[in-house]
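The structure under discussion appears below in the form of structure tokens.
In my numbering, the protein residues as written are 108 to 285.
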């Protein structure tokens, strides 16, 4: 009996370690997420960094965009969050579909939304496809003057309309601040 329990415990621990090892951790930007493939990090500007991964076969894309040094009001309001969402939509050439919902994420204010944009580039032979994006913006106020400044995390997954989107929600759910 003791051998069976030990063997079961060993199997459970191996599964736990395998799952934890699959999570991409960015200590510099304070987050972790289970991306669907190898992560490509791009520094867009001095205050904006992007982490993205394409699912093998190109079914969908996962992305985290971290904007640091964000000027935030003392209390993050719905109006402030909506203005930042509008910026993200405009920057991505997206149109919002449906309503927004407001929540908290690990104690920070967050906004959830779905949008659509048109994919039309050399990778699609210039054939235009609508892509659906599920996203959340998290407004993290810096608590440590040395390490952290105010940041907005834009966490998103998208796929061409009609394609398999089954992994997007699990990616979004895997995101955590560290």
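We put the beta carbon where it would ideally sit given N, CA and C, even for glycine. These numbers come from a predicted model, not from an experiment.
Closer than 7 Å by C-beta to residue 180: which residues in its own chain qualify, once you throw out the five before and the five after it? Chain order, please.
187
So for residue 197, helix, strand or coil by DSSP?
helix
Could you tell me which of 271, 220, 201 sits nearest to residue 165, measuring between CA atoms?
271
Do you know whose CA, among 130, 150, 162, lies nearest residue 265's CA?
Of the listed residues, the one whose Cα sits closest to residue 265 is 162.
Using the three-state DSSP reduction, which class does residue 117 fall into: helix, strand or coil?
Residue confidence for residue 117 is low, a pLDDT of 39 falling below 50, so the modelled location carries little weight; the figure read from the coordinates is stated next. Three-state result, residue 117: helix.
Taking its Cβ as the centre, do 16 or more other Cβ atoms sit within 10 Å of residue 225, making it buried, or is it exposed?
exposed
Mind checking which residues open and close the beta strand (DSSP E) that includes residue 273?
Where residue 273 is concerned, there is no enclosing beta strand (DSSP E), given that its DSSP letter is neither H nor E.
Hey, could you find the ends of the beta strand (DSSP E) residue 161 is sitting in?
155–161
On the DSSP bridge assignment, give the partners of residue 188 in chain order.
Answer by DSSP bridge pairing: none, since residue 188 is not bridged.
Own chain, CB closer than 6 Å to residue 169, minus 5 neighbours either side, in chain order:
142, 143, 160, 264, 278
Sequence-distant residues of its chain with Cβ nearer than 6 Å to residue 148 (five each side left out)
158
Quick one, are the C-beta atoms of residue 227 and residue 235 less than 9 Å apart?
yes
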